[in-house]
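Under UniProt numbering, the residues of the sequence shown are numbered 1 to 273, in order.
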Amino acid sequence: MDSSLDIYKLMKFIEENNEDFEDSLLNEASNVKDKIEEILMVGNIDLINNARKLVRYIIEGEEQELQSFAKQEGIAWATHEIPLTFKLEWVQAIRRTLWKFLQGYNEITNHVINEDFFSVEKQINNQVDRFLNVFFITYSQYKDSLIMAQRELVENLSVPIIPITPTICILPLIGAVDLYRTNILEEKVLIEIGKLRIQTLIMDLSGIMEMETEVIDHLMKIIDGTSLMGCTTVITGLRAEVASNMIRLGMRLNEKAQTLGTLQQALNKYLIN
Numbered sequence: 001m002d003s004s005l006d007i008y009k010l011m012k013f014i015e016e017n018n019e020d021f022e023d024s025l026l027n028e029a030s031n032v033k034d035k036i037e038e039i040l041m042v043g044n045i046d047l048i049n050n051a052r053k054l055v056r057y058i059i060e061g062e063e064q065e066l067q068s069f070a071k072q073e074g075i076a077w078a079t080h081e082i083p084l085t086f087k088l089e090w091v092q093a094i095r096r097t098l099w100k101f102l103q104g105y106n107e108i109t110n111h112v113i114n115e116d117f118f119s120v121e122k123q124i125n126n127q128v129d130r131f132l133n134v135f136f137i138t139y140s141q142y143k144d145s146l147i148m149a150q151r152e153l154v155e156n157l158s159v160p161i162i163p164i165t166p167t168i169c170i171l172p173l174i175g176a177v178d179l180y181r182t183n184i185l186e187e188k189v190l191i192e193i194g195k196l197r198i199q200t201l202i203m204d205l206s207g208i209m210e211m212e213t214e215v216i217d218h219l220m221k222i223i224d225g226t227s228l229m230g231c232t233t234v235i236t237g238l239r240a241e242v243a244s245n246m247i248r249l250g251m252r253l254n255e256k257a258q259t260l261g262t263l264q265q266a267l268n269k270y271l272i273n
């Protein structure tokens with residue numbers, strides 16, 4: 001902060017008028033004030049104390065601490081998916097409240113800021129803007145990393161290859177299977193066959209009601225790929241609707257692929273016999 005402004009006296013002035021500062025802040029943030037308790041419960045984010053901390057960093061010019069705090073806040077808000085509109089309104093309320101108190105401080109100190117007003121204005125607003133920039137960049141980056149992690153988790157869950165012996169695995173497919181999922185399926189299956197040295201893959205389709213033509217065709221190519229890698233694919237639970245569609249389209253399974261009516265039959269054949 002500018003040398004003409006005694007930051008310690010200013011901080012003392014704000015601390016001595018803490019209740020007025022909080023009331024002014026809440027009045028400036030009309031949409032956020034009713035969400036303060038909810039945000040505290042959801043994300044353990046104390047908006048009032050954090051506002052005081054931000055004001056101190058701004059006034060005392062603690063650049064490194066301000067940026068670290070902005071990153072911490074960005075991660076917290078992204079993790080708990082708190083609307084960004086609340087954060088933007090809250091920080092702007094802090095800005096307006098800080099200026100209100102600077103005006104009050106200036107009046108009781110015989111207008112000490114008047115000569116260097118523009119310098120003080122530039123420093124304070126730059127600090128607030130810097131906080132917002134670092135916050136939003138961190139929020140966006142962390143949000144993207146969460147989305148990618150969730151996507152990878154969904155992809156892994158959508159292709160649950162379950163080892164039941166050192167050479168035999170089960171792949172139960174459940175729910176909708178579209179081209180995007182079959183692309184994931186192809187990549188994961190071929191990688192796991194090579195990594196686990198799977199010799200027999202039991203692919204259970206009993207949880208799939210229907211498949212589009214393109215999906216069926218892609219599934220047949222995946223089975224061809226497993227055969228090229230020396231793995232026998234056993235299809236179980238193929239529903240009548242899917243089988244009829246394959247017949248109508250003239251599709252045939254790989255010659256080395258086997259079919260059984262149920263997963264239980266496959267387990268009995270490959271585990272018991």
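Ideal Cβ positions, reconstructed from N, Cα and C, are used throughout, including at glycine.
As the structure is a prediction and not an experimental result, all values here were calculated from the model.
Residue ranges of uninterrupted alpha helix (DSSP H) with 4 or more members, entirely inside the stretch 176 to 202 and ordered along the chain, are 179 to 196. Residue burial annotation: residue 180 is exposed, with fewer than 16 other C-beta atoms found within 10 angstroms of its C-beta.
For residue 171, there is no enclosing alpha helix (DSSP H); the enclosing beta strand (DSSP E) covers residues 168 to 174. A residue is called buried when at least 16 other Cβ atoms come within 10 angstroms of its Cβ; residue 8 does not meet this threshold and is exposed.
Per DSSP, reduced to three states, the secondary structure at residue 260 is strand. Per DSSP, the unbroken beta strand (DSSP E) holding residue 234 starts and ends at 232 to 236. Beta bridge pairing from DSSP links residue 207 with 174. Membership of residue 27 in the alpha helix (DSSP H) is indicated by the continuous run 18 to 28.
Burial is judged here by how many other beta carbons sit within 10 angstroms of a residue's own beta carbon; residue 213 has fewer than 16 and is exposed. Sequence-distant partners of residue 13 (beyond 5 residues in either direction) whose C-beta falls short of 8 Å from its own C-beta, in its chain, are 101, 104, 105, 108. Cβ contact annotation for residue 29 (same chain, cutoff 6 Å, sequence separation greater than five): 89, 90, 93, in chain order.
When the beta-carbon positions are compared, residue 59 and residue 10 come within less than 8 Å of each other.
Here residue 191 is exposed, its C-beta having fewer than 16 other C-beta atoms within 10 Å. A check of alpha carbon separations from residue 66 across 144, 121, 244, 135 identifies 135 as the nearest. By the neighbour-count criterion, in which 16 or more other beta carbons inside 10 Å mark a residue as buried, residue 175 falls on the exposed side.
By alpha-carbon distance to residue 160, the top candidate from 148, 133, 188 is 188. At a Cβ-Cβ threshold of 8 Å, residue 142 and residue 48 do not count as neighbours. Residue pairing of residue 163 in beta bridges, as defined by DSSP: 169. For residue 36, same chain residues with a beta-carbon under 6 Å away, outside a window of 5 residues either side, are 47 in chain order. Of the residues assessed, residue 63 falls on the exposed side of the cut-off, its CB having fewer than 16 other CB atoms within 10 angstroms. With respect to the 8 Å criterion, residue 70 and residue 131 are classified as neighbours on the basis of their beta carbons. Counting along the chain, the unbroken alpha helix (DSSP H) around residue 57 starts and ends at 47 to 60. The beta carbons of residue 263 and residue 230 sit no closer together than 8 Å. At a Cβ-Cβ threshold of 8 Å, residue 201 and residue 165 do not count as neighbours.
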